[in-house]
Amino acid sequence: MHQTPVSIAVIGAGGRGRGFAEMIKHSFSHLARVVAVAEPRDAYRRDVAALWQLPDERVFCDWRALVAQPKLADAVIVATLDREHAGPAIACLDKGCHLFLEKPMAVTLAECEAIAAAATRAKAITTVCHSLRYHKGKRLLADIVRSGRIGRVMTLDQIEQVAWWHQAHSFVRGNWGDSRTSTFMLMAKSCHDLDYIASLTDEECARVSSFGSLTHFRPEQAPAGAAARCVACAIEPECKYSAIRHYVNANREHWPAVVCSHDHSREAHYRAITDGPYGRCVWHCGNDVVDHQVVAMEFSGGMTATFTMTGFTQHNSRMIRVNGTEGEALFDGDITVRDFASGNEERIHVAAEHGGHGGGDERLMLDWLRALHANDASLVRTSVHESLRTHRIVFAAEKARQERRVVELREMMPG
Ligand SMILES: NC(=O)c1ccc[n+]([C@@H]2O[C@H](COP(=O)([O-])OP(=O)(O)OC[C@H]3O[C@@H](n4cnc5c(N)ncnc54)[C@H](O)[C@@H]3O)[C@@H](O)[C@H]2O)c1
815 MHQTPVSIAV IGAGGRGRGF AEMIKHSFSH LARVVAVAEP RDAYRRDVAA
865 LWQLPDERVF CDWRALVAQP KLADAVIVAT LDREHAGPAI ACLDKGCHLF
915 LEKPMAVTLA ECEAIAAAAT RAKAITTVCH SLRYHKGKRL LADIVRSGRI
965 GRVMTLDQIE QVAWWHQAHS FVRGNWGDSR TSTFMLMAKS CHDLDYIASL
1015 TDEECARVSS FGSLTHFRPE QAPAGAAARC VACAIEPECK YSAIRHYVNA
1065 NREHWPAVVC SHDHSREAHY RAITDGPYGR CVWHCGNDVV DHQVVAMEFS
1115 GGMTATFTMT GFTQHNSRMI RVNGTEGEAL FDGDITVRDF ASGNEERIHV
1165 AAEHGGHGGG DERLMLDWLR ALHANDASLV RTSVHESLRT HRIVFAAEKA
1215 RQERRVVELR EMMPG
């Protein structure tokens, strides 16, 4: 049992990593303190160093320099981009650190398995940031389904409404538009969803099929007159994807506009869209990830589930429908539970919560910190081992989409 705050090193202090450093400072400083940071971008690195008053010898430009030191912290937060998860995660586990790993675990199944193996070797307490499982409404829905109130679950349908502007920001212009430098869409965005679906049942996913493509955000779909950049585009004033609208005239200190520059003056954001990635025309970004995809799953006990990810919605939210033998439960922000025999319907209001992902980020961090203090890995719902189990479904679904066939989950098992 830890009596003093756990010491933590932050690896990758961008949007997520810096956010966690701030979260710990403001909400959990009784449980943890940040003692080191590794981040190549000067301004972002300096922010975390200043927030935690870190001495120069605890501030690094690269995770490799941090792990080359003797062990600096009890635990690490790895919040680098997707392709740079396995390296720092395994190196830190091998040094005996506990691990908070941003999702996805990694971009290949072999890397995910290597992370899980390193965690086993180190007997580390780990969590993968599947914040959806910790979101208040989704957690309540899971409790209802798990309680048996709607009977045995037969079918489940989940829609991830990415929203047209979020699709354009993250998965066309942003870090996750190109699978060759990040990962495929289902992994980047929807590993949360397949993880959540798998968490609602004790049945194991047995097989999957999937369809989807990049249909809209392609050069041949560009409207006549669209230029390569919004700042030089004749049709920019009428275009709903205008970078001037989304990154200069929007609230520049709020996500998503906040991402495009460290300096939030109007001039700095205008400069960022003049020569940076967020000013590119959404039909001329060289992106390759799908803008819509559907997955069908069959589980070991006969339960079936469907999942749809679509970049063409107004709101960025999820809709979930779970149908059991005795009733049904629907999530649409609030929850509706209907009982077949009595005809009763209960509407449960889910109050909005402060913090990232509807409070899910804070709750997940708190569970991990409590687990570290109690030295009890069972307090975490989303260890690397559990995440590996559900990442296998994601890899299987993408294989099914690419190979246009049903993929058995046993194909994804080692040996
Ligand atoms: N859990 C969620 O719901 C959720 C939401 C958004 C993003 N993410 C994931 O979080 C991760 C980070 O995303 P982000 O939005 O913060 O991206 P980001 O680009 O803002 O942050 C990544 C940071 O890693 C830094 N970095 C690059 N190379 C490094 C190195 N060698 N050593 C140390 N740091 C290095 C970059 O400079 C950058 O600041 C990604 O894997 C992303 O998929 C998860």
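Take the sequence shown: its position 48, counted from the start at 1, is 862 in this note's numbering, and no numbers get skipped.
For every residue, glycine included, the Cβ atom is placed at its ideal position computed from N, Cα and C.
These numbers come from a predicted model, not from an experiment.
DSSP places residue 981 outside any beta strand (DSSP E); the residue lies instead in the alpha helix (DSSP H), whose first and last residues are 978 to 982. Residue burial is scored here from C-beta neighbours: residue 899 has at least 16 other C-beta atoms within 10 angstroms and is therefore classed as buried. Rounded to the nearest angstrom, the gap between the Cα atoms of residue 906 and residue 913 is 8 Å. Here DSSP, grouped into helix, strand and coil, assigns residue 906 to helix. With contacts defined as CB atoms closer than 7 Å, residue 1025 and residue 986 fail to qualify as a contacting pair. Residue 1123 counts as buried, since at least 16 other C-beta atoms from the protein chains shown sit within 10 angstroms of its C-beta.
Within 6 Å of the C-beta of residue 1120 there is not a single heavy atom belonging to ligand 1. According to the DSSP secondary-structure assignment, residue 870 is paired through a beta bridge with no residue.
The alpha carbon of residue 1108 has as its nearest neighbour, out of 1117, 1100, 1121, the alpha carbon of 1121. Residue 948 has its Cβ no nearer than 6 Å to any heavy atom of ligand 1. Annotation for residue 954: 1149, 1162, 1164 place their beta carbon closer than 8 Å to its own, counting only its chain and skipping 5 residues before and after. Annotation: residue 1041 to residue 1095 spans about 7 Å, alpha carbon to alpha carbon. Of the residues assessed, residue 1168 falls on the exposed side of the cut-off, its CB having fewer than 16 other CB atoms within 10 angstroms. The straight-line gap separating the alpha-carbon atoms of residue 1000 and residue 1201 is approximately 15 Å. Going by C-alpha positions, residue 1102 is about 37 Å away from residue 909. Beyond the five residues adjoining it in sequence on each side, residue 1055 comes within less than 7 Å, by CB distance, of 982, 1096 in the same chain, given in chain order. Boundaries of the beta strand (DSSP E) harbouring residue 972: 967 to 975, taken from the DSSP string. At least one heavy atom of ligand 1 falls within 6 Å of the beta-carbon of residue 825. Here residue 1117 is not near residue 1220, since their CB atoms are 7 Å or more apart. Exclusion of residue 1061 from the 6 Å shell around ligand 1 follows from its C-beta lying no nearer than that to any non-hydrogen atom of the ligand. Residue 1037 has its alpha-carbon roughly 47 Å from the corresponding atom of residue 1180. Here residue 1081 carries a helix assignment [DSSP, helix/strand/coil]. Annotation note: the stretch 1132 to 1210 contains the following uninterrupted alpha helix (DSSP H) runs of length 4 or greater, listed N- to C-terminal: 1174 to 1188. Just measuring C-alpha positions, the residue of 857, 818, 1119, 897 sitting nearest residue 1021 is 1119. By the Cβ neighbour-count rule, residue 1113 is buried, with 16 or more other Cβ atoms within 10 Å of its own.
In the DSSP assignment, residue 837 falls outside any beta strand (DSSP E) and within the unbroken alpha helix (DSSP H) covering 829 to 841. For residue 945, there is no enclosing alpha helix (DSSP H), as DSSP marks it with neither H nor E. Residue 892 places its beta carbon less than 7 Å from that of residue 825. Distance from the C-beta of residue 854 to the nearest heavy atom of ligand 1 is below 6 Å. Excluding five sequence positions before and after residue 1213, the CB atoms of its chain that fall closer than 7 Å to its own CB belong to 1221, given in chain order.
When DSSP states are grouped into helix, strand and coil, residue 916 belongs to the coil group. Counting the other CB atoms within 10 Å of its CB gives residue 1051 a total below 16, which places it among the exposed residues.
Note on residue 916: 16 or more other CB atoms within 10 angstroms of its CB, so buried under the neighbour-count rule. In the DSSP assignment, residue 1049 falls outside any beta strand (DSSP E), carrying neither H nor E. Taking a C-beta distance under 7 Å as the contact criterion, residue 1153 and residue 1141 qualify as a contact pair. Relative to ligand 1, the beta carbon of residue 1092 is positioned no closer than 6 Å to any heavy atom.
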